[in-house]
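In terms of numbering that gives the first Met the number 0, the sequence shown opens at residue 0 and continues consecutively.
Here a beta-carbon is modelled for each residue, glycine too, at the ideal position from N, C-alpha and C.
Predicted, not measured: the structure shown is a model, and the values here were computed from it.
Down below is the structure, laid out as structure tokens.
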Amino acid sequence: MEKIHFATQLWIGDDALSELQTMQGKKIFIVTDPFIAESGLTAQITDQLTGSEYFIFSDIVPDPPVEKVIAGIQAMSSFGADTIIAIGGGSAIDAAKAMKYFGKRTMDLAIEQFIAIPTTSGTGSEVTNFAVITMADTATKYPLVTDEIQPDIAVLDTNLVMSVPPKVTADTGMDVLTHVIEAYVSTNANGVADAFCEKVVKLVFDNLESAYKDGSNREARANMHLASCMAGMAFNLASLGLNHGIAHAAGARLHVPHGRMNTILLPSVIEFNANVNQGVLQENAVAKRYMALANCIGTTTTNPRIGVQNLIRAIKQLRQRLNMPATLSEFGLAKADVLAQKTEIATAALADACTETNPRTPSIHEIETLLEEIS
Ligand code: NAD
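As structure tokens, this is what we get:
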């Protein structure tokens, strides 16, 4: 039996923020990054908090390190917070999740309500029980997975993503695509998550390029924001795979933005998972799943090998139209530097929680080969 429970309430729409006015007499700890705090986006939220006290902690940096989490817990304790509002991309939301989780354990902080307000359309963190925290000293990204960090409320307001610059739009949008492709072939895949994946893959191919080329395209932005949230719901149910396992391990060491690292890896990981030259093709369940996703974006084939090729081709073409690098060298890293770390990265990727649900179990040597391919 499967039990499916969506614990996060969604508030969606241009007027969704005004619902925050119903919060009265709360002590609200706001977690965000310096850009969001200074850009006026945070003010759009604090303007609504007329009946409550709030404190803004705006020190979050991309790929939030554990030190920021510790500093946040101390500030949260001094303020006496009973509510957290995280405003920002995945970095701010994930840091707030870790503050809630470790704040309870280290300082007995009891948070009654956790609200996540995404300002990027990428991680889906506003609806997941998943957070990624970086340990700078060991250069590792640590996925924290527990229902305790699932936001109570996620607020989706397209106005908050209109200012996302093109490069971040591309990176985060391709992160959305990676989430659904991995969830669809995960060993935990299920019919409910499948429905989100099939819808999201189409939304991404129909809207990401438009949002990238014209950031003022409201419809494309709104569709990508919804796609990001639905992708989060999908992988919260079905989990992810090797692509994210390697992206966590490599991203922490090589300092490549998360979505761009996923995108560089995606064609090679699909090819590895599909493994179309082994066994009887018509019995290759993973290749057939990739074929089904490719058919969601307009191709029609019943041949799994062609389906896999169609999906990989479509991803490569989209990546090119978004002016994204195809290799780590194109991103600007020296091949020798990447290869010098390949065993360390492969070992960490194998131990990453996301890799556990990959449809094909990789060896360290196979992950090293993938890293050689993308370097
Ligand atoms: P991010 O939060 O690091 O933000 C990237 C940049 O965009 C920052 O400089 C930020 O200031 C800027 N930005 C954010 N909103 C903006 C806006 N509206 N206008 C202009 N600039 C804006 O990026 P992200 O991709 O959203 O999050 C990445 C992090 O999330 C990584 O640490 C990754 O590992 C993690 N992650 C988490 C999950 C999850 O389920 N929790 C899933 C995938 C990735």
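Taking the Cβ of His-254 as the reference point, every heavy atom of the ligand NAD lies at 6 Å or farther away. Taking the Cα positions, Asn-242 is about 15 Å away from Leu-327. Closest in C-alpha terms to Asn-206, from the list Thr-186, Leu-225, Ser-362, Ala-188, comes Leu-225. The beta carbon of Val-160 lies closer than 8 Å to those of Pro-117, Thr-118, Thr-119, Ser-120, Arg-220, Met-223, His-224 in the same chain, with the five residues before and after it left out. The nearest non-hydrogen atom of the ligand NAD is less than 6 Å from the C-beta of Thr-118. A heavy atom of the ligand NAD is found nearer than 6 Å to the CB of Ala-130.
Taking non-hydrogen atoms of the ligand NAD into account, the C-beta of Phe-5 is found less than 6 Å away from none of them. Counted as a single uninterrupted DSSP element, the stretch harbouring Gly-258 is not any beta strand (DSSP E) but the alpha helix (DSSP H) occupying residues 257-273. Beta-bridge annotation (DSSP): Phe-129 is paired with Val-144.
Nearest in C-alpha terms to Ile-92, of all of Ala-313, Glu-125, Glu-371, is Glu-125. The beta carbon of Ile-44 sits closer than 6 Å to those of Ile-86, all from its chain and outside the five residues before and after it, given in chain order. Rounded to whole angstroms, the Cβ separation of Ala-273 and Ala-291 is 12 Å, and the two are not in contact under 8 Å. Thr-45 has its Cβ no nearer than 6 Å to any heavy atom of the ligand NAD.
Collapsing the DSSP output to three states places Glu-52 in a strand. Per DSSP, reduced to three states, the secondary structure at Leu-239 is coil, with no helix or strand assignment. Around the beta carbon of Phe-113, 16 or more other beta carbons sit within 10 angstroms, so the residue counts as buried. In this structure, the C-beta of Pro-61 approaches the ligand NAD to less than 6 Å from one of its heavy atoms. Contact between Asp-32 and Asp-156 is absent: CB atoms are separated by about 18 Å, not below the 8 Å threshold.
Residue environment analysis places Gln-308 among the buried positions, since at least 16 neighbouring C-beta atoms fall within 10 angstroms of its C-beta. Taking C-alpha positions only, Lys-96 is separated from Ile-148 by approximately 5 Å. DSSP, reduced to helix, strand and coil, places Pro-63 outside both helices and strands of the structure shown, so it counts as coil. Relative to the non-hydrogen atoms of the ligand NAD, the Cβ of Thr-342 never comes closer than 6 Å to any of them.
Under DSSP, Ile-311 shares a beta bridge with no residue. Distances taken from the Cβ of Val-175 to the heavy atoms of the ligand NAD include none shorter than 6 Å. A Cβ-Cβ contact shorter than 7 Å links Asp-351 with His-247. Shown here for Ala-347: same chain residues with a beta carbon closer than 7 Å to its own, the five before and five after excluded, namely Thr-139, Ala-248 in chain order. By the neighbour-count definition (other C-beta atoms within 10 Å, threshold 16), Arg-288 is a buried residue. In this structure the segment 23-39 lies against the segment 68-87, because at least three pairs of beta carbons, one per stretch, are closer than 8 Å. Around Pro-266, the same chain offers Ile-311, Ile-314, Lys-315 as residues with beta carbons nearer than 7 Å, after the five sequence neighbours per side are excluded. In this structure, the alpha-carbon of Asn-357 lies about 9 Å from that of Gly-244. DSSP places Gln-112 in the uninterrupted beta strand (DSSP E) bounded by 112-117.
Counting along the chain, Thr-368 sits inside the alpha helix (DSSP H) bounded by residues 363-373.
By the CB criterion at 7 Å, Asn-235 and Asp-174 fall outside the cutoff. In this structure, Met-229 sits near Val-199, with a CB-CB distance shorter than 7 Å. Between Val-167 and the set Ile-59, Glu-181, Gly-88, Leu-48, the nearest pair of CA atoms involves Gly-88.
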